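Worksheet: the structure to be examined is printed underneath.
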Amino acid sequence: MSTRDEDPLVPNEINEFNSNEAEVINVPTAHNKIGNWRKQNVKQVEALDYDEVENELFIREEVETSPRQLTAINIQRWLICIAIGIMTGITAVVIDISIDQLASLKMSALEDSIKECVQETCLWRPLFMWIGINTLLVAFAASITTFFAPVAAGSGIPQIKCYLNGVKVPEVVRLKTLFAKVSGIIATVSGGLAVGKEGPMVHSGAVIAAGISQGRSITTGITTPLFTHFRNDREKRDFVCAGAAAGVSAAFGAPVGGVLFSLEEAASFWNQALTWRIFLCSILSSYTLNILLSVYHDHPGDLSYPGLINFGQFDSTYMLQDLLVFFIMAALGGMSGAAFNALNIRLMKYRMTYVKSRIFHVLEACIVAIVSGMISFTLMYCNTECKPLGQDPMKLQFFCSDGEYNVMATLLFTTPESGVKSLFHDPLGAYSCVTLVAFVLPYFFLACWTYGLKVPSGLFIPSLLIGAAWGRLVGVLLNTILPNSEWTQDLEKYALIGAASQLGGTVRMTISLTVILIEATGNISFSLPLMAVLLIAKFVGDLFNTGLYDMHIELDHVPVLDWEPPPLSGCFKAKQIMFHPPITLNLRACVKDIVQNLSKPGCNHGGYPVIDDRGKFHGVILRSQLLILIKYKVFQERESIGPLPLSVFRDSYPRFYSINLLNVSAAERELHIDLEPYVNPSPYVCHEDSSFPRIFRLFRALGLRHLVVVNDDYRVVGIVTRKDLYKFGEHRDNVISGQCSH
């Protein structure tokens, strides 16, 4: 038995299954202390094999590897990280320039139409033009995502977090996913939805890393002899982690923040040897973007474009009395983020229940685009606040006199990044309280409605824009209450703290988000208040619910393991949570038995314990290895066929053969396979009396896929998988309330 990648049965109580997973056998009463388990819709995904398979083939390759070859492999790791950083930066440039060009064309056409219709009272024309353009762009993004690469929807951070945690989300790092992500986010942002392009850069960087590190593309059929040593889950994970960091670095111009993001939010396993390579990858990503954008903006060599979003230069200072205001804003941000998360999850549950057709997914995205366009146009039309035009070319004149700009249009009709920058740096008096309230309330609900649509969408920028708006509102109100106070005149600090509070209350990130905001603003003096604000926002938000990324993962029932085991679970043992009895194979296994076990419906196991002739545990062999052995017909009776080299297994990665596609004759079914050269003789095992927290920490720290359970005689009595741990964790409230008396 192994990882239950297909788990059709979940018992009403803690039960043990027989080998065909069809009959439920009740555990004695002493084992029923966890409580009743209701059937859960655990997403059908596979686990990843992060554990090294140290079989005879692996040891032989290690012995035959010379120091020069080992040095060459290490150099290749550095070269791959360099390539990942550069390619991620180039991808970010393509996204940024494309959105900039589309937004400029759309704004130019719309502004000309408004100027004509202000005199002729035909404002319906620019309204329908605006809605039509946005709907077409969003329909394209929704269609390419829904029908071509569904996993490209959203920011992609939850999916990458699952991947790095050890869960293989289908097609998450495929080339077509990257194409849908890049083209979709360009269309979505240009279509006026309340999304940002920064969040999807994490997913894009991860896909680029996965592709480059393998030296081939299965989607296009291109295969090269490069980087064959890295064609396994363990090596691929490290490069995906580097790609995620490069994506954050390109988005915010924050190399250190990118490294910390991968460490804090994404990766469940961290190798210290990775730190320098990932840091180099992040730096190259940021500076590649920097250099190329300086050329695009006709300032070659001017490295003032550190990321996709440029917060501008912050020269603000804060005083002791500001800290109390900041802390109150942090609490408000935590509550606002918790409300955003709760409302968004309710919408997601409604979508999962009623919006199931692909056509409906596209229609919903179009409806959101239409509603967003109508609200934006209405707010701009009804807003009578106009200000004198300054030096900023992004100020729009809509419905204002010559030499003035429409304040609401600056927030709604430019890109979200421009709106954030305007809220940060525009002087006192640029926005009235009425304008800020009229903007932040509908935009809050539009952003909540938008995140979760079947389109690529980022959460960072909408959260920053919402927080900057109500943060600036706090500053305006303070200036109204204390009109002659110097310490309330600078609104930059309130907008920044509001943005940090809202984002922190939504995603619940602390260390990495602090560093990202410090690097993006270039103001180290705000490190203390930012750190304190993010901690308070997280603490307050956690009183109500968890972070939005974690909530989306839980909603899909993906078996992602938390950082720590459930509390008060130390009294539960391996024999109470393990799968029993397991399917085992003999060292000299009959092909018929192997094919039968691999072909059982609902038993798509990831690996099998192997026993010797005396019934004692000998090791573990993976399902993928068995499929390759059958494919190449490595039968013991055919003495001319020796053990397959490791290169054969690497060349088959990551798409292994299906047992239904392998041609095994009746005569071949009676032959045998000697599994000893391929079995991992030193897998991680535990005793049947091992405690649940110890097992949990082994999985969490080592990235295990399965853990064999043995008794005092070193005989296999069961196996524990991450789904067993996940289901136990889902019912931790019952665990806490149960009694541990045995």
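Mapping of the sequence shown onto the numbering used here: residues 6 to 747, in sequence order. Every residue, glycine too, gets a C-beta built ideally from N, C-alpha and C. Values in this document were obtained by computation on a predicted structure and should not be read as measured data.
Once DSSP output is grouped into helix, strand and coil, what is the label at Gly197?
Three-state result, Gly197: coil.
Where Pro131 and Ile364 are concerned, what is the direct C-alpha to C-alpha distance, given to the nearest angstrom?
Going from the Cα of Pro131 to the Cα of Ile364 covers about 28 Å.
Which class does Arg699 belong to by DSSP, given the choice of helix, strand or coil?
Here Arg699 sits in helix by DSSP.
Determine the DSSP secondary structure at Cys691, reduced to helix, strand or coil.
Reduced to three states, the DSSP call for Cys691 is strand.
Determine the DSSP secondary structure at Thr415, reduced to helix, strand or coil.
It is helical.
Ignore the nearest five residues each way along the sequence and tell me which others in Ile375's own chain have a CB closer than 7 Å to its CB.
Counting only Cβ-Cβ distances below 7 Å, and skipping sequence neighbours, we find Ile136, Thr140.
With DSSP run on the structure shown, which of helix, strand or coil describes Arg239?
Looking at Arg239 - three-state DSSP - the assignment turns out to be helix.
Alpha carbon to alpha carbon, what distance is there between Tyr55 and Pro461?
About 29 Å.
If I measure Cβ to Cβ from Glu66 and keep anything under 7 Å in the same chain, skipping five residues before and after, which residues do I get?
So the list reads Leu651, once near-sequence residues are dropped.
May I ask you to verify whether the stretch 351-358 touches the stretch 510-521, counting CB pairs closer than 8 Å and requiring at least 3?
Flag = no, the stretch 351-358 and the stretch 510-521 do not touch.
Can you tell me whether Pro398 is helix, strand or coil according to DSSP?
Because Pro398 sits at a pLDDT of 49, beneath the cut-off of 50, its placement in the model cannot be relied upon, and the point is left open.
Between the Cα of Phe697 and those of Lys392, Cys595, Cys576, spot the shortest distance and give me the residue it belongs to.
Nearest of Lys392, Cys595, Cys576 to Phe697, Cα basis: Cys576.
Report the rounded CA-to-CA distance for His692 versus Phe701, giving the unit in angstroms.
C-alpha separation (whole angstroms): 14 Å.
Rounded C-beta distance between Thr526 and Leu501? I'm assuming under 8 Å.
That pair is a contact at about 7 Å.
Give the single residue among Thr383, Gly339, Glu57 whose Cα lies nearest to the Cα of Pro447.
Of Thr383, Gly339, Glu57, the residue nearest in Cα terms is Thr383.
Kindly confirm or deny that the stretch 83-90 and the stretch 243-252 touch, where touching means at least three C-beta pairs closer than 8 Å.
The stretch 83-90, when compared against the stretch 243-252, does touch it at the 8 Å Cβ threshold.
Please name the residue or residues paired with Thr726 in a DSSP beta bridge.
DSSP lists His711 as partners of Thr726.
Since Ala593 is in the alpha helix (DSSP H), which residue starts that stretch and which ends it?
It should be pointed out that residue 593 corresponds to Arg in this sequence rather than to Ala. Premise fails: Arg593 lies in the beta strand (DSSP E), 593-595, not in any alpha helix (DSSP H).
Using the three-state DSSP reduction, which class does Phe622 fall into: helix, strand or coil?
Residue state, collapsed to three classes: strand.
Going by DSSP, what residue range makes up the alpha helix (DSSP H) through Tyr359?
Its alpha helix (DSSP H) spans residues 325-359.
In this structure, how does DSSP classify Leu590 when only helix, strand and coil are distinguished?
Residue state, collapsed to three classes: strand.
Can you tell me which of the three DSSP states Val721 falls into?
Strand at Val721.
Can you check which of these residues, Gly94, Arg674, Arg73, Ser629, is closest to Leu313 by C-alpha distance?
The option with the nearest alpha carbon to Leu313 is Gly94.
As a quick exercise: from Gly463, Val300, Ala474, Thr420, pick the residue whose alpha carbon is nearest that of Ser437.
Considering only alpha carbons, the answer is Ala474.
Going along the chain, which residues of its own chain have a beta-carbon closer than 7 Å to the beta-carbon of Asn79, five neighbours each way excluded?
Cβ within range, chain order: n/a, list empty.
Would you call the CB atoms of Gly463 and Ser160 closer than 9 Å?
Yes, the pair counts as a contact, with Cβ atoms nearer than the cut-off.
State the Cα-Cα distance for the pair Val615 and Arg710, rounded to the nearest angstrom.
Rounded to whole angstroms, Val615 to Arg710 spans 16 Å at the Cα level.
In the DSSP assignment, find the beta strand (DSSP E) that holds Asp679 and state where it starts and stops.
Its beta strand (DSSP E) spans residues 677-679.
Run through DSSP, which three-state label would His228 get?
According to the sequence as given, residue 228 is Thr; it is not His. Reduced to three states, the DSSP call for Thr228 is strand.
Specify whether the stretch 575-594 and the stretch 539-557 touch according to this definition: at least 3 beta carbon pairs, one from each stretch, less than 8 Å apart.
Contact between the stretch 575-594 and the stretch 539-557 is absent, because fewer than three Cβ pairs lie under 8 Å.
If I measure Cβ to Cβ from Pro33 and keep anything under 7 Å in the same chain, skipping five residues before and after, which residues do I get?
Note that Pro33 scores 33 on pLDDT, short of 50, meaning its location in the model is unreliable and no value can be drawn from it.
If I measure Cβ to Cβ from Glu675 and keep anything under 8 Å in the same chain, skipping five residues before and after, which residues do I get?
Closer than 8 Å at Cβ, skipping near neighbours: Cys595, Val596, Lys597.
Would you check if the stretch 185-199 and the stretch 106-117 touch, i.e. whether three or more CB-CB distances between them fall below 8 Å?
Yes, since at least three Cβ pairs between the stretch 106-117 and the stretch 185-199 fall closer than 8 Å, the two stretches touch.
Could you pull the DSSP bridge partners for Gly612 from this structure?
The partner list for Gly612 (beta bridge, DSSP) reads Leu627.
Grab the span of the alpha helix (DSSP H) containing Pro163 for me, first residue to last.
First-last of the alpha helix (DSSP H) with Pro163: 162-170.
Whose C-alpha, out of Lys120, Leu666, Val172, is nearest the C-alpha of Gly611?
Considering only alpha carbons, the answer is Val172.
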